[in-house]
Amino acid sequence: MLTIKAKPMNERNATKADDQEWPALLARVAQHGDKDAFRKIYSYFAPRIKAYAINQGFGQHAEVLVQEVMTNVWRNADKYSESLASVSTWIFTISRNQRIDLLRKMNRTKAEVVIETEELWQIPMEDTTVRSIQNASTEKCIRESIDTLPEEQMIAVRKVYYEGKTHQEVAEELNIPLGTLKGRLRLSLKKLRVMLEATEL
Amino acid sequence: MSAHHPDDMVLLDYAAGSLSLPYALAISVHLCFCSHCRNQLKKLNSIGGVLLENTKPASLEDDAFDQLMAQLESDDTKGKTAAAVKESPSLEAKKDITNPLLAYLPAPLHNLPWQQQTREISKYDLTGIINVRGFQVALQKIAAGAKVPVHTHKGHELTVILHGGFSDELGVYHAGDFIARDGSHKHSPTALQNEDCICLTILDAPIKFTGWQRIFNPFMAWH
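For the record, the sequence lines run as chains A and B. Residue numbering for the first sequence follows my numbering, starting at 228 and increasing by one per position. Residue numbering for the second sequence follows my numbering, starting at 37 and increasing by one per position.
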């Protein structure tokens, strides 16, 4: 089993997000229950998941979400597939689902047969219709172009992803018409090449 | 791949996790038919991943990691992991995306205990699986070639076709298609000739019949 000493990570690796090491670290967690590997994943992602939880209004319960997400990462490391998403995207989808799940549990008054959050927001292991090389280049493109978004578009995207608000709520908060907000979101999706130029407004 | 898709803004909210549960159900059913939207969703999820990387980290308690490890190890020794995996279908490895509804139905689509609404239209209520106030969720079965009386919608109606197809004033729809309608649309869907049409429908207000058929309203009512 590899240990921190056998394979040191320098400062740059420890903080660089698109690090090639993440899938290897997850594989070590999956195959050997490697705590050192898990600690590295934890020390990078847990503080970011906490920031996400705070933005989503979890307040003093923010760490509850962090622990739920990281528990899920530990237990499901073997279900991660590099061909489908980067590790940060995988962890984002887990965070999103756990957030929804916690909110649902808090609001549930009695035991009911209700559809599982993980069924509504499925995280599949593979999708035979999409080639992995496509995913990698899409992520790369998003990572490179997200910093080039004009501030107003960046704010709109952030609020939608990180504050769990509806478009109406975001528009009110920014004091702009709903149509303007949607316009900014659509423009940002085009810049990030999520929407094709051909897909008109 | 289906031809009618949810709007990009709806998929964006789905990826961000801010879409309401009934809408999310319609999207998740559409996704299992539609590789185009699955591909879009992947990109939208990636935005979430990149934003997570770019987030300014918040500090955690010094011993948060050790506490978590202690918890995980104690769970493991109690054998919770194995039990949890068995209890929850959600933790099973998912290869490809699957129709999320099927696990909650007592029988295959065609053998469901359908409630007859009219001679040609029947319903299987699923409101309970979402159980969100104000939303009605159901499967509808329209006999091959049958026509649903003209109606408008007070609120929004989402339809995802699971089997067969129908046509209305605005188009022709087949299995997997996602159709969103609101009060401004007046339509009378007709099932395609060759087979029964089965749809998932989600309403956030009761449908309103506009023609003389409105006398059928009590029979067609959701409750």
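Built from N, CA and C at the ideal position, the CB exists for glycine as well. Keep in mind the model is a prediction, meaning the values are calculated, not measured.
Next on the checklist: To be precise: take each residue of the stretch 50–69 of chain B, compare its Cβ to all Cβ atoms of chain A, and keep it if any distance is under 7 Å. Which residues remain?
Outcome noted: 52, 53, 54, 57, 60, 61, 64
Checklist entry - Taking 7 Å as the CB-CB cut-off, is residue 341/A touching chain B? => result By this cut-off, residue 341/A is an interface position.
Checklist entry - For residue 232/B versus residue 200/B, is the C-beta spacing smaller than 7 Å? => result Taking the C-beta atoms as reference points, residue 200/B is found nearer than 7 Å to residue 232/B.
Item to check | Members of the stretch 99–112 of chain B that neighbour chain A once the beta carbon cut-off is set at 9 Å | outcome: 100, 101, 103, 104, 105, 107, 108, 111, 112
Item to check | Neighbour list for residue 288/A in chain B, Cβ cutoff strictly below 8 Å | outcome: Correct list: empty, because the minimum Cβ distance to chain B is about 13 Å.
Checklist entry - Which of the three DSSP states, helix, strand or coil, is assigned to residue 74/B? => result helix
Checklist entry - Is residue 394/A helix, strand or coil by DSSP? => result DSSP places residue 394/A in helix when its eight states are reduced to three.
Next on the checklist: What does DSSP give as the partner residue(s) for residue 204/B in the beta ladder?
Outcome noted: In the DSSP output, where bridge partners are listed per residue, residue 204/B has 207/B.
Checklist entry - Should residue 77/B be labelled buried (16 or more other beta-carbon atoms within 10 Å of its own) or exposed? => result Per the 10 Å Cβ criterion, buried.
Item to check | Own chain residues within Cβ distance below 7 Å of residue 7/B, not counting five before or after | outcome: Residue numbering for chain B in the displayed model covers 37 to 259; residue 7/B lies beyond these limits and cannot be assessed.
Item to check | At least 3 beta-carbon pairs within less than 8 Å: the stretch 165–175 of chain B vs the stretch 397–416 of chain A | outcome: Cβ pair count under 8 Å is below three, so no.
Checklist entry - What does residue 387/A touch in chain B if you count any residue whose Cβ is under 8 Å from its own? => result 48, 49, 52, 54
Checklist entry - In chain B, which residues lie less than 7 Å from residue 318/A when you measure between Cβ atoms? => result Within chain B, 88 have C-beta atoms less than 7 Å from the C-beta of residue 318/A, given in sequence order.
Item to check | Cβ pair residue 373/A, residue 86/B closer than 7 Å | outcome: yes
Checklist entry - From the beta carbon of residue 79/B, is the nearest beta carbon of chain A less than 7 Å away? => result yes
Next on the checklist: For the pair the stretch 315–335 of chain A and the stretch 268–288 of chain A, tell me if three or more CB-CB distances fall below 8 Å.
Outcome noted: yes
Next on the checklist: List, in chain order, every chain B residue whose beta-carbon is nearer than 8 Å to that of residue 394/A.
Outcome noted: 45, 49, listed in chain order.
Checklist entry - Using 7 Å as the limit for Cβ to Cβ distance, is residue 261/B near chain A? => result No statement about residue 261/B is possible, as the shown extent of chain B runs from 37 to 259 and does not include it.
Item to check | Under the three-state DSSP convention, the category residue 265/A falls into | outcome: In the structure shown, residue 265/A sits in a helix (DSSP, three-state: H, G or I).
Item to check | For residue 267/A, the nearest candidate out of 314/A, 366/A, 364/A (CA to CA) | outcome: Residue 314/A is the option with its Cα nearest to residue 267/A.
Checklist entry - Using a Cβ cut-off of 9 Å, which residues of the stretch 257–278 of chain A contact any Cβ in chain B, in chain order? => result 260, 262, 265, 266, 269, 270, 271, 272, 273, 274, 275, 276, 277, 278
Checklist entry - So, using beta-carbon positions, are residue 81/B and residue 316/A closer together than 7 Å? => result yes
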